[in-house]
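One structure is given here, and the rest of the page talks about it.
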Amino acid sequence: LHRKNLRIEAANLSDPWIGNRQCHAHFPRFPSLQITFKPDAVRSLRITHRENVEAAWIEGATVQMKQTRPESVLCFESENRVFRYDGVSDRYRLRVGPYFLRLFDGFFPLQVELKVQYPHEVLELLAMAPDPVEGAEVRLDEGEIYFQNVFEGTLELEFEFKKR
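So this is what it looks like as structure tokens:
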């Protein structure tokens, strides 16, 4: 399970670093695992909670773990550069992913729960891609997007906004 909360503030219209909180649970029993980010897309990475993980630490743009098991939980916070302005289209784009769980040479099922909060008085959500995502639950409320899906392989999501 990968649970992610992204919060876009009005200040992010000029500063692309948005707040990220995420938790991972139901890990496979494995001696070592890592969660990786693109090095130029994450900063201020810090672990906020861990249960049933022998050791966890930050190493560059990764979260490293030793001795995970199904009852393990690991949470952390960061600032992520995943929100960008496109001057050609005069739109803002939030890109998240790729999400995947890869062990050895194959992909395994992964459940993703994503919540995006945004200032609805400043931004209007125009589109989500891909749309639709087979089997996904998507709820769009004023100032909040909720996405949940279980999949095997990779998943990238993009949300397009315009300034009100």
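FYI, this note's numbering numbers position 117 of the sequence shown as 117, with every residue one higher than the one before it. C-beta: ideal position from N, C-alpha, C; glycine also. These numbers were taken from a predicted model, which means no experiment stands behind them.
- A check of alpha carbon separations from F83 across K4, N12 and P132 identifies N12 as the nearest.
- Contact check between the segment 1-21 and the segment 94-107: three or more CB pairs, one atom from each, fall below 8 Å, which counts as touching.
- Within the segment 65-128, complete beta strand (DSSP E) segments of at least 3 residues are found at 73-81, 83-86, 91-99 and 110-117, given in chain order.
- Annotated as distal: V112 and L45, with beta-carbon spacing of 8 Å or more.
- By the C-beta density criterion, S14 is exposed, having fewer than 16 other C-beta atoms within 10 angstroms.
- If the five residues before and after V42 are omitted, its C-beta is found closer than 6 Å to the C-beta atoms of A61, S78 and N80, all from its own chain and listed in chain order.
- Apart from sequence neighbours up to five positions away, the residues of its chain that approach E71 with a beta-carbon distance below 7 Å are N52, ordered along the chain.
- In the structure shown, L6 falls within a strand segment according to DSSP collapsed to helix, strand and coil.
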